[in-house]
Amino acid sequence: MDEINIRKFTEIILLISVICFTLIGTGLAADTVAGDTLVSIWSEGQGEVKLGISEGIFNPVIDKVTASEIIYYVKPGDSLYKIALEFATTVERLKEVNNLQSNLIYIGQQLVIPVQQEGSVIYTVKPGDTLYLIAVRFKTSVAELKAMNGLESDMIYIGQSLILPGNDSGNDNEGQEFYFVKPGDSLYLIARKYGVTISYLKVLNGLESDLIFPGQMLKIKPIPEEVSGSGIVEGKVIVDNETMKINSSTRKTDEKVRSIPLSTIRPSSSYQASEMIVKFKPQITPQDQGQLENDNELQAVNEINTNSGKIVQYRLPEGKEVDEVVAEYSKLPAVEWAEPNYIYMPTAVPADSYYGYQWNYIDLNLEAAWDLEKGSKDVTVALLDTGIIPGHPDLAGNLLPGVDFVGGENTYPVSSYKRTDNDPTDETERSEGGSHGTHVAGIIGAVTGNNRGTAGINWQINLLPVRVLKKTGGTSWDIAEGIYYAIDQGVDIINLSLGGNDYSNLQAEAIKEAYDNGITIVAATGNNNSAVFYPAAFPETIAVGAVDRNNVITYYSNYGPEVDVVAPGGASGYSIYSTWGYYEPITEQAVPGYVGMVGTSMATPHVSGVAALLIAHGVTGPENIRERLTSTARDLGPVGRDDQYGYGLVDAYGALLGKKLANPQVFAAEKQGDTLNLKSEIVNSNQDGTFRLEKVESGESKVFAWRDVNSDNIIDAGDYYGVFSRSLQVDETPISGVNFTVNYISDKDFRLYVK
């Protein structure tokens, strides 16, 4: 025989020997499938086992023998650990079932593999576990656990494997509170499966790194408990979009307490690569510190001596991950805390002189939006208006060369327009109110962060001034020519802070042409407290009404079924502050400045500005932009769309996220470190911000409000958060008047470190 045939013959003899010694009185037959030899064995009371010999390799094909066990024959390269992983069990369980005294196994050895009961999971006992705690956690009873595991007493030991009632290891049940890590899993994959974040899983499970291991149990959501309180607290939550500045840290939470982690999440890339900062306890000796540095190949870069211990900045050796070294050092007895060398950036709040006057941006939720998008020079907005003050220092960086169509020759067809000239200078004098077009331009895209003047909605953008109006108005012909010019320039948005009562076929055709070319057209509804003006009334446009400082429809804003959304337009006492200027006829000079104005003309560029942010963020097409703006708007007035507010107030943050922001949730809790331990149910505040807690535990509590914007179940960057100013002593007497504010939490104000 050649070598291959000898090996096959030997393996057949080995196989037959195993069969003869283990399955006496069975039936035996052979068959061939696709070139492989299958030996089928029938055993009374056990069912069928098929063992295969394929290409000369001993390769058992496993079937169930009984309802709770299968027989497996050890293959070359097998180990107990590998087999345990393959069959979703544990090494300890395999040794117990097979009466093994060690981890040694040999090729051809028969092993009994316990099959998990349908709807069960394997759990490894951890320090502090008791049968009672495990039973509570998995919503079963001690008696059932003892029956499932053949236990005669309540005694269990650390590392012991227990069969628990569940559902496919908890891995395919979206409602499970626990998940058992499978081979190939990562925190990223598990987080994506359950629609949460890696940071959430790390905080909830007290993980100091992204490392997990097969069989590890992870909490997916906090364990709820029944609320037993009977106290009543009533009040109102006011949403303030102005950024809140908070600094705190995360800590591990007690899994037996209903709690919400108050976290300070920052991306892992927000710290200096290969650097770590360590604070040592005062009692550490220089010799011990030096030994730690030598053992870990750490290079001290800088250090500070304090009364409470030495703080040292280290550079890590090549190939060492910051998270892992920080986690290792944090556990050392001589270390008080260790953390990465975090990088902090300026917050997304403009450093412009008059930004404090721009309440309208807060109402539009722009401080939150700017954490996601600040604009792009790849986006162009055409301003069909009275022209511009071209030398305005707060606009010059974002202005393109413009054109003038006022007073020029009327050509036909209109699309073959002739420019009057290439000078879009607004010639409106100061006594006539100054430059309307310059004011509109500054709202969309004043140069931002330059420590002067006002901020623009877009920090970077291209503004194309197209003069089609004089202070006294403009003709349909000039406006239509301006639209066709904007089309030819390939603009993304046309802003029309203009309008009139009369329908114009000329304008209708031009608007339709722009829309068909993928241009988003935003227009003012008008200031007559009457029907919506044209061109806003055309179906292709986004029609914008105006609200005041309190988000109430203004006395002047036009209304009707054409209204899509509203934006800040200002009213008496609260105007919209922006760039401005006027023309001085004596010197023939344009004089730049700043001023407050009111009107739907001011509301309209707010919407054009947010639309430009959306395009910069990757949302394109006029209908996609309309849908983003309307579906995420903050509902005002009657519930749902109405003829005054349309779909509501534009929410720049919600539009960029593509989600309508929910009303804040309210609850009573006790703050311990950076965990809020609940002392009441969690209720949603009403549309007007009012709330009522009816199940508050007696004793001292604080009342919190929280809008979980990113749906990660952690109070963190990107959310809204607030707390009532004082603690409440809750008893049977109802408490009212608990009114407070929730603020947006800036992404730049948070960091994550575990001490």
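Numbering that gives the first Met the number 0 puts the sequence shown at residues 0 to 754.
Just so you know, even glycine gets a beta-carbon here, dropped at the ideal spot from N, CA and C.
Taking the alpha carbon of residue i as the reference point, which residue from the options has its own alpha carbon closest?
{"i": "I541", "options": "D547, F532, V695", "result": "F532"}
{"i": "K201", "options": "N293, D322, P75", "result": "D322"}
{"i": "L759", "options": "W476, E327, E320", "result": "Because the chain spans 0 through 754 in this model, residue 759 falls outside it and cannot be assessed."}
{"i": "F703", "options": "S697, V682, N709", "result": "V682"}
{"i": "P182", "options": "K81, L203, I155, E95", "result": "K81"}
{"i": "H391", "options": "V446, G559, D370", "result": "V446"}
{"i": "G472", "options": "N359, G436, D487, F86", "result": "G436"}
{"i": "N742", "options": "S101, V277, Y719, S735", "result": "Y719"}
{"i": "P621", "options": "N102, E512, L203", "result": "E512"}
{"i": "P591", "options": "E91, I388, K319, Q288", "result": "I388"}
{"i": "G636", "options": "Q686, S78, N98", "result": "Q686"}
{"i": "G407", "options": "G444, T385, N340, W476", "result": "W476"}
{"i": "S414", "options": "A509, F86, T689", "result": "A509"}
{"i": "P349", "options": "W458, T619, D294", "result": "W458"}
How many Å lie between residue i and residue j at the Cα?
{"i": "E669", "j": "L727", "result": "11 Å"}
{"i": "L144", "j": "A337", "result": "41 Å"}
{"i": "P538", "j": "F723", "result": "46 Å"}
{"i": "R429", "j": "Q588", "result": "12 Å"}
{"i": "A536", "j": "G647", "result": "17 Å"}
{"i": "I61", "j": "I70", "result": "Bear in mind that the predicted position of I61 carries a pLDDT of just 43, short of 50, making it unreliable; the figure below should be weighed with that in mind. Roughly 7 Å separates the two Cα atoms."}
{"i": "L206", "j": "A333", "result": "21 Å"}
{"i": "Y356", "j": "G448", "result": "15 Å"}
{"i": "G308", "j": "A272", "result": "25 Å"}
{"i": "T732", "j": "G230", "result": "7 Å"}
{"i": "Q116", "j": "L163", "result": "Low confidence applies to Q116: its pLDDT is 46, below 50, so where it sits in the model is not reliable, and the reading given next is rough at best. Using only the alpha carbons, I get a separation of about 9 Å."}
{"i": "Y416", "j": "T410", "result": "6 Å"}
{"i": "V73", "j": "M216", "result": "28 Å"}
{"i": "E296", "j": "L315", "result": "7 Å"}
{"i": "R548", "j": "W358", "result": "8 Å"}
{"i": "N204", "j": "V180", "result": "13 Å"}
{"i": "K235", "j": "L675", "result": "20 Å"}
{"i": "G721", "j": "N526", "result": "37 Å"}
{"i": "E431", "j": "V405", "result": "18 Å"}
{"i": "L371", "j": "V708", "result": "13 Å"}
Where DSSP assigns a beta bridge to residue i, which residues make up the other side?
{"i": "K192", "result": "Paired residues: none, contrary to the question."}
{"i": "V465", "result": "L383, V402"}
{"i": "R625", "result": "Bridge partners of R625: none, in fact."}
{"i": "G234", "result": "F690, V737"}
{"i": "T519", "result": "I492"}
{"i": "V324", "result": "In the DSSP output, where bridge partners are listed per residue, V324 has none listed."}
{"i": "N304", "result": "K309"}
{"i": "F706", "result": "In the sequence on display, residue 706 carries Arg and not Phe. Bridge partners of R706: Y719."}
{"i": "T123", "result": "S160"}
{"i": "L677", "result": "A668"}
{"i": "W358", "result": "W358 pairs with nothing; no bridge assigned."}
{"i": "W579", "result": "G592"}
{"i": "N742", "result": "D239, Y720"}
CB residue i to CB residue j, shorter than 8 Å?
{"i": "H438", "j": "M275", "result": "no"}
{"i": "N516", "j": "Y555", "result": "no"}
{"i": "I442", "j": "S577", "result": "yes"}
{"i": "G433", "j": "V594", "result": "yes"}
{"i": "I624", "j": "T524", "result": "no"}
{"i": "L760", "j": "V141", "result": "Absent from the model: residue 760. The displayed extent of the chain is 0 to 754, so no value can be given."}
{"i": "L613", "j": "A654", "result": "yes"}
{"i": "L394", "j": "A440", "result": "yes"}
{"i": "A479", "j": "L505", "result": "yes"}
{"i": "A522", "j": "V543", "result": "yes"}
{"i": "T453", "j": "Y353", "result": "yes"}
{"i": "E611", "j": "I492", "result": "The residue asked about is misnamed: residue 611 is Ala in this sequence, not Glu. Result yes, Cβ atoms of A611 and I492 sit closer than 8 Å."}
{"i": "Q312", "j": "N301", "result": "yes"}
{"i": "D563", "j": "G645", "result": "yes"}
{"i": "V729", "j": "E693", "result": "no"}
{"i": "T629", "j": "G657", "result": "no"}
{"i": "V124", "j": "I104", "result": "no"}
Check: Would you call the segment 399-408 and the segment 458-471 in contact, with 3 or more CB pairs under 8 Å?
Finding: yes
Margin query: Tell me whether the segment 466-486 and the segment 600-608 touch, counting them as touching only if at least three CB pairs, one residue from each stretch, are closer than 8 Å.
Written below: no
Item checked: the segment 651-667 in contact with the segment 378-393 per 3-pair CB rule at 8 Å -> no
Notebook entry, point to check: Using 8 Å as the threshold, is the segment 355-364 in touch with the segment 416-428, meaning 3 or more CB pairs across them?
Noted result: no
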